[in-house]
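Undergrad: Counting from 45, one number per residue, gives the positions in the sequence shown under my numbering.
Would you mind keeping the following structure in view while I ask a few things?
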Amino acid sequence: MLPEILPRPAPIANAEYRARRRALMEALPADGAVLLPGAALVTRSRDSEFPFRQDSDFHYLTGFPEPDALLLLLPGRAEGEAVLFCQDRDPALEAWTGIRLGAEGAVREHGVDQAFENAERDARLAELLDGRRTLYLPLDSAEAMTLAESVRATLGARVRRGARPPEAFADVASLLHEARLVKSEAELALLRHAAEISARAHVRAMRAARPGLAEYHLQAELEHEFRWQGGSGPAYASIVGGGPNACVLHYIENRDPLKQGELVLIDAGAEFDLYAGDITRTFPVDGRFTDPQRALYEVVLGVQERAVAAVAPGMTLAEIHAGVVRGLTEGLIGLGLLEGEVQARIDDESYKRFYLHSTSHWLGLDVHDVGGYRRDGEPRPLVPGMVLTVEPGLYVPADDDIPEAFRGIGIRIEDDVAVTAEGHEVLTAGVPKRVAGIEALMAKE
Ligand code: GLY
Ligand code: MN
Ligand code: MN
Numbered sequence: 045m046l047p048e049i050l051p052r053p054a055p056i057a058n059a060e061y062r063a064r065r066r067a068l069m070e071a072l073p074a075d076g077a078v079l080l081p082g083a084a085l086v087t088r089s090r091d092s093e094f095p096f097r098q099d100s101d102f103h104y105l106t107g108f109p110e111p112d113a114l115l116l117l118l119p120g121r122a123e124g125e126a127v128l129f130c131q132d133r134d135p136a137l138e139a140w141t142g143i144r145l146g147a148e149g150a151v152r153e154h155g156v157d158q159a160f161e162n163a164e165r166d167a168r169l170a171e172l173l174d175g176r177r178t179l180y181l182p183l184d185s186a187e188a189m190t191l192a193e194s195v196r197a198t199l200g201a202r203v204r205r206g207a208r209p210p211e212a213f214a215d216v217a218s219l220l221h222e223a224r225l226v227k228s229e230a231e232l233a234l235l236r237h238a239a240e241i242s243a244r245a246h247v248r249a250m251r252a253a254r255p256g257l258a259e260y261h262l263q264a265e266l267e268h269e270f271r272w273q274g275g276s277g278p279a280y281a282s283i284v285g286g287g288p289n290a291c292v293l294h295y296i297e298n299r300d301p302l303k304q305g306e307l308v309l310i311d312a313g314a315e316f317d318l319y320a321g322d323i324t325r326t327f328p329v330d331g332r333f334t335d336p337q338r339a340l341y342e343v344v345l346g347v348q349e350r351a352v353a354a355v356a357p358g359m360t361l362a363e364i365h366a367g368v369v370r371g372l373t374e375g376l377i378g379l380g381l382l383e384g385e386v387q388a389r390i391d392d393e394s395y396k397r398f399y400l401h402s403t404s405h406w407l408g409l410d411v412h413d414v415g416g417y418r419r420d421g422e423p424r425p426l427v428p429g430m431v432l433t434v435e436p437g438l439y440v441p442a443d444d445d446i447p448e449a450f451r452g453i454g455i456r457i458e459d460d461v462a463v464t465a466e467g468h469e470v471l472t473a474g475v476p477k478r479v480a481g482i483e484a485l486m487a488k489e
């Protein structure tokens, strides 16, 4: 029998994209404009390319799925405020690379006000932006800056004929990224789905794990589920680290054998409709924790569960992280991996030998999603609609001064959590993290 196929959530409606563009335009001065390029295809080798992935900001405002597009937002323009440039229709090329929507298709399918094909771009761009005093664009995008500079030069050369070139370039990112930080219901449905697929993938990898397989076999199990459920694939390079490889935070080689008696750490998540899942689980290759593994694991688990429980409106990520650091430090002292008083070991940062990353990041269209972590210099309070990870870990070096039983053990436990009016919703509850739950799952054939 084929494995279950989950129902797909609804895609984001054109009306929502339109509302996002409107909200951004309302934040601009009346004589401002937005210039935002989409992503281009990236060469993988010679004449083959990586699968196309739209730029997240561009996707957020358009949902338009093709490379080499450009969005202009022109508040107050009578002929249309949202103008899209897109790939030219080209039937001979489309026979090889697929149907292009073209200008007509962009308006029809995606609800932008007006669209032109790229062949018209150079002739029209400056004219469309004439008289816009401030251009809002991603200042870190070389392509956007080049386009903006050329618009300024073209209009500059026409000043005597009445053209008015832009006087300033401003960053569109801060406005856009604040909007992206708080998710809509439709976005939450997609994130929930990406999380559910990711959880199923982890369950599948746990079930498959056994000594004698290699790390890449578990990666194959994970990524099979991502695609089976209609995800585009991993939202970031899957990490499958057996034994001491778990202590390398971004270990992605995934090539070593999985050994009896060792733990394996998997940090992997699906991308679905461009939204990311991000889950870490750590479990014994042979399905049973040893006593030292369990002792260390229970420290991370207890801390992680308390941190998840603390997620609620008004809380800050800094407070959550401080609670994690305290809990891990207490645990490390309890196990004899650190000595002395908890506060002293927090103050002298000796816990950082075992825990060097932060506890949370925003999650959304990007796995490390956009949006400021501070406001007016202070950690910002959580509000409903934010989505974050909670991912404490302990990574014990294989050094001589560490008790032998703990050397080279790496553990991280990571869930995706949405902030709700009442507190929070754990999006990744579909994969066990308690010892009994993991051992029971792995005991099943
Ligand atoms: N997988 C990247 C992270 O957990 O932050
Ligand atoms: Mn992760
Ligand atoms: Mn993460």
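Every residue, glycine too, gets a C-beta built ideally from N, C-alpha and C.
The alpha helix (DSSP H) spanning Ile390 covers which residue range?
TA: 386-391 is the span of the alpha helix (DSSP H), which, as asked, contains Ile390.
Undergrad: Would the stretch 453-471 and the stretch 278-295 be scored as touching if the rule is three or more Cβ pairs under 8 angstroms?
TA: The stretch 453-471 is in contact with the stretch 278-295.
Undergrad: If distances are taken between C-alpha atoms only, which option among Glu374, Thr178, Gly256 comes closest to Arg389?
TA: Looking at the Cα atoms, Glu374 is the closest of the given residues.
Undergrad: With a 10 Å radius around its C-beta and 16 neighbouring C-beta atoms as the bar for buried, classify Asp443 as buried or exposed.
TA: Flag for Asp443 reads exposed.
Undergrad: Okay, do the stretch 339-346 and the stretch 477-485 touch, 3+ Cβ pairs below 8 angstroms being the bar?
TA: Flag = yes, the stretch 339-346 and the stretch 477-485 touch.
Undergrad: Say yes only if the C-beta of Thr326 is nearer than 7 angstroms to one or more non-hydrogen atoms of ligand 2, and no if none qualify.
TA: Result no, Cβ not under 7 angstroms from ligand 2.
Undergrad: Would you identify the three-state DSSP class for Pro336, choosing helix, strand or coil?
TA: Three-state result, Pro336: helix.
Undergrad: Which of helix, strand or coil does DSSP assign to Gln158?
TA: Here Gln158 sits in strand by DSSP.
Undergrad: Over the uninterrupted alpha helix (DSSP H) stretch that includes Phe270, give me the two end residues.
TA: Segment 259-272, the alpha helix (DSSP H) holding Phe270.
Undergrad: Do Ala83 and Leu117 have their C-beta atoms within less than 8 angstroms of each other?
TA: Contact: no.
Undergrad: Using only alpha-carbon positions, find the residue among Glu148, Pro182, His401 that is nearest to Val434.
TA: Among Glu148, Pro182, His401, the Cα nearest to that of Val434 is on His401.
Undergrad: Out of Gly287, Phe316, Pro209, Leu128, which one is the CA nearest neighbour of Asp330?
TA: Cα-wise, what sits closest to Asp330 is Gly287.
Undergrad: Does DSSP put Tyr61 in a helix, a strand or coil?
TA: Correct three-state label for Tyr61: helix.
Undergrad: Locate the alpha helix (DSSP H) running through Leu409, then write down its first and last residues.
TA: Careful: Leu409 lies outside any alpha helix (DSSP H) and carries neither H nor E.
Undergrad: Are the stretch 359-370 and the stretch 396-412 touching by the rule of at least three beta carbon pairs closer than 8 angstroms?
TA: Touching, yes, given that three or more Cβ pairs across the two stretches are closer than 8 angstroms.
Undergrad: What residue range is occupied by the uninterrupted alpha helix (DSSP H) comprising Asp166?
TA: Element bounds for Asp166: 165-173.
Undergrad: Under 7 angstroms: does the beta carbon of Asp112 sit that close to some heavy atom of ligand 2?
TA: The answer is no for Asp112.
Undergrad: Bridge partners of Gly277, per DSSP?
TA: DSSP output for Gly277 lists Glu315 as bridge partner(s).
Undergrad: Between the beta-carbon of Leu302 and the beta-carbon of Leu68, is there less than 8 angstroms?
TA: The answer is no: Cβ separation not under 8 angstroms.
Undergrad: Hey, is Asp322 close to ligand 2, as in C-beta under 7 angstroms from one of its heavy atoms?
TA: Yes, the Cβ of Asp322 comes within 7 angstroms of a heavy atom of ligand 2.
Undergrad: Alpha helix (DSSP H) containing Ile482: first to last residue?
TA: Residues 479-487.
Undergrad: With 16 as the cutoff for other CB atoms within 10 Å, does Met430 come out buried or exposed?
TA: Buried, by the Cβ-count rule.
Undergrad: Can you give me the C-alpha to C-alpha distance between Ala136 and Arg121, rounded to a whole angstrom?
TA: Looking at the two C-alpha atoms, the distance is approximately 35 angstroms.
Undergrad: Heavy atom of ligand 1 less than 7 angstroms from the Cβ of Thr433, yes or no?
TA: Indeed, a heavy atom of ligand 1 lies less than 7 angstroms from the Cβ.
Undergrad: Within its chain, find whatever has a CB closer than 6 angstroms to the CB of Ser276; leave out the 5 residues flanking it on each side and keep chain order.
TA: Hits under 6 angstroms: Glu315.
Undergrad: Looking at the structure shown, is Phe94 part of a helix, part of a strand, or coil, going by DSSP?
TA: Coil, per DSSP.
Undergrad: What is the rounded straight-line gap between the Cα of His261 and the Cα of Leu379?
TA: Going from the Cα of His261 to the Cα of Leu379 covers about 33 angstroms.
Undergrad: Sorry if obvious, but does the Cβ on Glu458 come closer than 7 angstroms to a heavy atom of ligand 2?
TA: True, at least one ligand heavy atom lies under 7 angstroms from that Cβ.
Undergrad: Is Val369 near ligand 1, judged by its Cβ being under 7 angstroms from some heavy atom?
TA: For ligand 1, not one heavy atom lies less than 7 angstroms from the Cβ of Val369.
Undergrad: Return yes when the C-beta of His405 is under 7 angstroms from any heavy atom of ligand 1, and no when it is not.
TA: For ligand 1, at least one heavy atom lies less than 7 angstroms from the Cβ of His405.
Undergrad: For ligand 1, I want to know if Tyr104 counts as a neighbour, meaning its beta carbon is within less than 7 angstroms of at least one of the ligand's heavy atoms.
TA: No, ligand 1 has no heavy atom inside 7 angstroms of this Cβ.
Undergrad: Mind checking Met250: buried by the 16 CB within 10 Å criterion, or exposed?
TA: Met250 should be labelled buried.
Undergrad: Taking Asp420 as part of the beta strand (DSSP E), name the residues at either end of that continuous run.
TA: It is not in any beta strand (DSSP E) - Asp420 carries neither H nor E in the DSSP assignment.
Undergrad: CB-CB under 7 angstroms to Ala207, same chain, minus the five flanking residues each way: which ones, in chain order?
TA: So the qualifying residues of the chain are Asp174, Leu199.
Undergrad: Less than 7 angstroms between the CB of Asp410 and some heavy atom of ligand 2, yes or no?
TA: For ligand 2, not one heavy atom lies less than 7 angstroms from the Cβ of Asp410.
Undergrad: Report yes if the C-beta distance between Asp157 and Ala126 is below 8 angstroms; otherwise report no.
TA: Yes, the Cβ-Cβ distance between Asp157 and Ala126 is below 8 angstroms.
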